[in-house]
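Comments concern the structure below.
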Amino acid sequence: AKASGKAVTVTFDRSMTARAAERLEMESELRRAIEQGQLRLHYQPIVSLETEQISEVEALVRWEHPTRGLIPPGKFIPIAEETGLIVPLGKWVLEEACRQGQEWREAHSENLSLLIGVNLSTRQFQQEGLIEEIKEILERSGLPPASLKLEITESLMSARPEDTIAKLEQLRAIGVHLAVDDFGTGYSSMSYLANFPVDTLKIDQSFVQRLGSNSESDAIVQAIMTLAKALNLRVTSEGIETDEQRALLRGMGCDRGQGYLFSRPLTSLALTELLTNQFLT
Ligand code: C2E
Ligand code: CA
Ligand code: CA
Ligand code: CA
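With UniProt numbering applied, the sequence shown covers 514 to 794.
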């Protein structure tokens with residue numbers, strides 16, 4: 514038993530070392546990726562469930578790795594969070610999304626009322642100087658604050674609610690929109706919600722995808738819709754893939770949706786074409 518115990522320890526240590534080395538390599542590669550411009554933003558339309566017109570887009574980051582191809586955010590955002598690289602990464606995302614958003618506005622003689630959604634990670638939200646940074650980025654890009662929507666996660670609402678509320682108030686004072694992402698996955702926030710200066714809830718796709726086949730999901734989505742109405746919040750449903758889901762959500766009073774049924778995330782070029790077709794004047 515002693516010998517095998519030892520063997521297990523050795524294997525464990527080795528895999529730990531291998532994983533730590535892989536992380537370190539990933540970290541330095543990611544640092545280089547940010548510096549050398551290997552990050553890309555794709556944009557996914559958010560549409561009116563009634564008209565299917567695009568009212569917003571969400572910026573979603575990808576890493577165009579020189580040898581490994583396009584890497585999805587799930588593979589590197591957690592490492593960026595752990596290492597603190599999320600701060601320069603998040604700054605780049607904000608700058609690029611605001612720049613692109615203003616380019617689209619200018620292409621449509623500033624008549625475009627398109628909102629640009631940007632994800633803010635918890636670490637980024639808590640970072641010193643965030644408010645100033647956002648103000649500066651907005652000013653440099655020329656994008657009106659009211660055209661920017663920041664998506665924060667529900668977990669921020671339970672951690673230190675007073676600090677979070679104070680920061681959200683400051684963001685609100687700049688004039689940006691605020692959304693709670695993945696809503697419904699962290700139930701602790703329900704009682705706080707009334708005190709949070711946000712304007713949109715994004716219903717997590719896990720509920721949307723079980724609609725119609727799981728009565729609990731139906732009940733949860735209906736409860737979120739009722740809550741949102743009482744608190745005067747808008748609701749966007751994420752991950753809509755079928756007509757049935759769209760119909761159910763519309764029936765529950767949801768006005769906006771995002772998902773493969775309407776469009777996958779697109780390159781800026783593809784989205785530019787889509788916008789030109791939609792807003793042709
Ligand atoms: P999220 O903010 O919840 O973004 C929605 C994710 O759902 C995106 O995945 C999108 O491609 C995917 N999605 C959209 N419609 C559908 C659908 O109909 N079905 C299914 N199955 N999936 C759908 P993506 O782009 O891989 O992003 C994953 C997560 O990575 C995001 O989840 C967000 O938490 C994070 N992320 C992405 N970009 C950024 C960023 O710039 N900064 C930060 N901090 N996080 C980011
Ligand atoms: Ca999001
Ligand atoms: Ca989400
Ligand atoms: Ca998510």
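Ideal placement from N, C-alpha and C gives every residue a C-beta, glycine not left out.
Note that the structure is a prediction, hence the values are computed from the model and not measured.
| Check | Outcome |
| --- | --- |
| Residue span of the beta strand (DSSP E) that contains residue 637, given as start and end | No beta strand (DSSP E) holds residue 637; the alpha helix (DSSP H) holding it covers 635 to 639. |
| Sequence ranges, beta strand (DSSP E) only - wholly within the region 549 to 590, length at least 3 | 552 to 561, 567 to 578, 582 to 584 |
| Beta carbon of residue 774 nearer than 8 angstroms to that of residue 737 | no |
| Distance cut-off 7 angstroms: residue 773 Cβ against heavy atoms of ligand 1 | yes |
| Any non-hydrogen atom of ligand 2 within 7 angstroms of residue 712 CB | no |
| Range of the contiguous alpha helix (DSSP H) that encloses residue 723 | 718 to 723 |
| Residue 694 Cβ short of 7 angstroms to ligand 2 heavy atom set | yes |
| Beta-carbon spacing of residue 615, residue 654 below 8 angstroms | yes |
| Same chain only: Cβ atoms within 8 angstroms of residue 540, ignoring 5 sequence neighbours per side | 592, 596, 598 |
| heavy atom of ligand 1 below 7 angstroms from residue 572 C-beta | yes |
| As assigned by DSSP and simplified to three states, the class of residue 673 | coil |
| Segment contact, 8 angstroms Cβ cut-off, at least three pairs: the region 752 to 760 with the region 707 to 721 | yes |
| Pairwise C-alpha distance: residue 785 and residue 532 | 41 angstroms |
| Sequence-distant residues of the same chain with beta carbon closer than 6 angstroms to residue 640, five excluded per side | 600 |
| Beta-carbon spacing of residue 769, residue 584 below 8 angstroms | no |
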